[in-house]
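Which chain is which? The protein sequence lines are A and B, in order. Heads up: take any position in the first sequence, counting from 1, add 9, and you land on this note's numbering. Heads up: take any position in the second sequence, counting from 1, add 9, and you land on this note's numbering. We put the beta carbon where it would ideally sit given N, CA and C, even for glycine. Working notes, structure below.
Protein chains: 2
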Amino acid sequence: MDIRVNEVGLRDGLQSQGKTLTVDERLALAQALAGAGLRFMEAGSFVSPKAVPQMAGTEDLFPRLPTPERIQYAALVPNMKGYERAVAAGARTVNVVLSVTETMNQKNINMSLARTAEVCEQIVARAADEGVSAQAYLAVAFECPFEGPVAPEVVAHYGERMRDAGAGKVIVADTIGAADPAKVDAVLGRLLEHLDVARVSCHFHDTRGMALANIHAAVLAGVREFDASIGGLGGCPFSPGASGNVATEDVVLMLQSMGLDTGIDPLDLVPVVREAERLTGTALGGKAFRWLSRQYAKTRGGQGDDQ
Amino acid sequence: MDIRVNEVGLRDGLQSQGKTLTVDERLALAQALAGAGLRFMEAGSFVSPKAVPQMAGTEDLFPRLPTPERIQYAALVPNMKGYERAVAAGARTVNVVLSVTETMNQKNINMSLARTAEVCEQIVARAADEGVSAQAYLAVAFECPFEGPVAPEVVAHYGERMRDAGAGKVIVADTIGAADPAKVDAVLGRLLEHLDVARVSCHFHDTRGMALANIHAAVLAGVREFDASIGGLGGCPFSPGASGNVATEDVVLMLQSMGLDTGIDPLDLVPVVREAERLTGTALGGKAFRWLSRQYAKTRGGQGDDQ
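Following this line, the structure appears as structure tokens:
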């Protein structure tokens with residue numbers, strides 16, 4: 010495998026859906042993803058079910074996830090209590106999220122940036138002590154909806170702090186889809202001065218249509234792991250299915266076309282997108298989905314998607 | 010201006026539309042494009058109106074095109090007769106199209122590759138003699154729908170022949186949207202061994218969602234001119250508005266975001282996309298159009314496009 014594709018549909022994707030899926034439905038999606046060859050997934054979060062009802066029951070989901078010996082399932086944890094719940098449920102990888110601007114932290118979780126960074130460091134350090142893998146998201150790494158463009162130095166500073174605290178991975182997240190290939194170069198260029206590229210992953214949104222171009226820029230910078238969401242599920246700021254997370258099938262198709270192995274056949278993702286559509290009741294599909302659906306119909310029979 | 014964006018909606022775009030626009034309607038679209046700052050356009054073709062009814066009346070369109078002293082309007086010419094008609098109508102730039110595989114020429118225009126190459130050379134040479142700019146498209150440069158992948162050496166060979174015949178520009182065209190950034194590197198890498206990059210342009214389709222990534226790869230290779238079609242107009246192999254030419258607004262937005270000046274404000278393209286929708290009766294808009302429409306509504310008032 011040349012590139013790791015980390016599926017975030019089960020958490021980042023489902024979390025922003027109007028419809029709340031049952032644990033059985035979330036499990037069905039996890040099984041479909043596992044069947045298509047996904048080996049890295051963010052499977053859920055341990056937050057308050059009052060705050061995020063879509064993630065209620067993650068305790069019940071984790072022990073039922075398929076073939077955990079072959080698949081890395083991560084759990085998002087917002088605080089130490091969430092960390093403890095995640096580990097108790099069997100999670101062996103936890104994700105913390107650190108938005109790298111003051112206002113985003115204040116508006117989003119009513120904490121200062123300094124305090125959020127401390128909480129993340131504490132969780133990451135405890136995970137390292139307890140043999141749990143920890144991954145740190147650096148959210149709004151390119152642009153903050155409140156403060157505007159973020160300096161690459163800021164991203165590098167918090168990336169190094171998370172690494173020093175014990176994070177095995179630092180994930181640069183373009184939370185609002187504001188990155189472009191030149192900004193990717195700038196942010197990664199600065200970050201990789203002091204951080205091993207093997208510890209860096211990227212998370213792009215396709216709001217402005219540039220996610221694949223950004224991934225291309227990151228691949229050129231040496232990054233070998235990317236987040237993606239099946240069918241582009243989730244994070245749709247404007248209208249359903251429009252422009253949230255970059256779609257897993259788009260990422261896998263581009264990387265495969267470029268001769269980079271992800272361990273996944275993009276055609277195997279076509280029925281998974283359809284299953285995600287069925288479960289969520291939402292029209293999904295990334296930018297290559299129509300073409301992939303045609304290829305699927307041609308080579309494996311069944312219905313195309315060009316009605 | 011750092012990058013030239015060459016608008017092909019008036020020809021490549023309209024040619025594949027079910028609805029045939031009148032000359033007045035085509036002129037209205039040209040005026041809207043000119044008003045938004047487009048300075049390079051493929052304005053029409055001089056082919057048989059029986060074969061391509063959408064391009065009938067291009068003789069009448071050319072003399073009426075706005076501010077020709079500031080805008081380069083190109084005419085596609087399939088043969089010497091078309092060249093003569095174009096020049097008689099006032100065209101000062103002509104485009105020839107050379108598909109670089111044998112089967113594509115046989116199936117598409119019932120001529121051998123060798124014969125098509127000769128015809129293109131003759132037109133280009135005559136144009137050079139007569140002080141008319143000639144641009145040579147190398148069609149199916151990445152993959153042929155009949156013969157499969159095309160060797161970069163083949164593209165380079167025909168690119169050099171067209172340059173030697175007198176073409177001021179060689180345009181590498183991903184006619185079926187099969188390129189990826191690695192293939193762009195390979196084809197341009199070979200082509201630019203013997204061809205000045207200032208004479209090279211690229212034409213991408215967004216069928217598999219990779220057009221912006223491909224443009225990014227070409228920018229890194231030094232290319233400074235790209236074709237694009239307003240709202241993605243034209244070349245929709247599957248369904249209207251789905252996946253034809255890369256959309257002008259997507260290209261302009263990405264380049265502007267990267268700090269590369271195209272002389273065009275992407276927000277100015279929003280009303281042009283709407284005008285193109287009105288004229289063609291087709292839903293249009295590239296991948297960033299929804300986001301651009303919101304920005305347009307926020308900053309300039311009027312209706313967004315997120316219904």
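Let me know the secondary structure DSSP gives residue i once reduced to three states.
i       : result
L301(A) : helix
M219(A) : coil
Q131(A) : helix
L19(B)  : helix
F235(A) : strand
I180(A) : strand
H225(A) : helix
P154(B) : coil
A83(A)  : strand
L38(B)  : helix
A136(A) : helix
V61(A)  : coil
Q24(B)  : helix
Give the single residue among the options whose Cα lies nearest to the Cα of residue i.
i       : options                               : result
N88(A)  : V196(A), G44(A), Q131(A) and Y167(A)  : Q131(A)
L201(B) : G168(B), N223(B) and A126(B)          : G168(B)
P275(A) : A60(A), E139(A) and G294(A)           : G294(A)
R309(A) : L288(A), V181(A), L278(A) and G272(A) : L278(A)
V282(B) : V17(B), A222(B) and I239(B)           : I239(B)
T125(B) : Y82(B), I80(B), M171(B) and L36(B)    : M171(B)
H203(B) : T216(B), N223(B), G243(B) and P161(B) : P161(B)
D194(B) : Y92(B), A165(B) and T216(B)           : A165(B)
E127(B) : Q40(B), E139(B), V109(B) and N117(B)  : V109(B)
Y82(B)  : G22(B), L122(B), G91(B) and A39(B)    : A39(B)
K90(B)  : S57(B), I118(B), S121(B) and N117(B)  : S57(B)
A60(A)  : V232(A), I118(A) and P77(A)           : I118(A)
Q304(B) : A41(A), E16(A) and T216(A)            : T216(A)
R199(B) : D173(B), A207(B) and A230(B)          : A230(B)
Starting from residue i, trace the beta strand (DSSP E) both ways and give me its first and last residue.
i       : result
R287(A) : It is not in any beta strand (DSSP E) - R287(A) instead sits in the alpha helix (DSSP H) that spans L278 to T289.
N114(A) : It is not in any beta strand (DSSP E) - N114(A) instead sits in the alpha helix (DSSP H) that spans E111 to I118.
T102(A) : T102 to S108
A256(B) : It is not in any beta strand (DSSP E) - A256(B) carries neither H nor E in the DSSP assignment.
V209(A) : V209 to H212
So, are the CB atoms of residue i and residue j less than 7 Å apart?
i       : j       : result
A187(A) : F151(A) : yes
L107(B) : C129(B) : yes
E338(A) : R20(A)  : Here chain A has residues from 10 to 316 only, and residue 338(A) is not among them.
A84(B)  : A65(B)  : no
P158(A) : H225(B) : no
F55(B)  : A97(B)  : no
V260(B) : V14(B)  : yes
P62(A)  : T31(A)  : no
T184(A) : F155(A) : no
V181(B) : C211(B) : yes
A285(A) : L242(A) : yes
A43(B)  : P75(B)  : yes
G53(A)  : L70(A)  : yes
F271(A) : L262(A) : It should be noted that the sequence gives Thr, not Phe, for residue 271(A). No. Outside cutoff.
Taking residue i as part of the alpha helix (DSSP H), name the residues at either end of that continuous run.
i       : result
S53(A)  : At residue 53(A) the sequence reads Gly, which differs from the Ser that was named. Careful: G53(A) lies outside any alpha helix (DSSP H), inside the beta strand (DSSP E) at F49 to S54.
V96(B)  : M89 to A97
A165(A) : P161 to A174
A145(A) : Looking at the DSSP string, A145(A) is not in any alpha helix (DSSP H); the run it does join, the beta strand (DSSP E), is S142 to A148.
D189(A) : No alpha helix (DSSP H) contains D189(A), which DSSP labels as neither H nor E.
T67(A)  : T67 to L70
If residue i sits next to residue j, beta carbons under 8 Å apart, how far is it from one beta carbon to the other, in whole angstroms?
i       : j       : result
D11(B)  : L197(B) : Between L197(B) and D11(B) the Cβ distance is about 18 Å, and since that is not below 8 Å, they are no contact.
Q26(A)  : T291(A) : 7 Å
I80(B)  : R48(B)  : 5 Å
E258(B) : L301(B) : 6 Å
H214(B) : V255(B) : 7 Å
G177(A) : A134(A) : No, G177(A) and A134(A) are not in contact; Cβ-Cβ is about 12 Å, not under 8 Å.
A237(B) : G218(A) : 12 Å between Cβ atoms; not a contact.
P103(A) : V141(A) : The sequence shown places Val at residue 103(A), not Pro. About 6 Å; that satisfies the 8 Å criterion.
A137(A) : G175(A) : 3 Å
Q | Contacting positions in the stretch 181-208 of chain A - beta carbon closer than 7 Å to chain E | A | Among the protein chains of the structure shown, namely A and B, there is no chain E.
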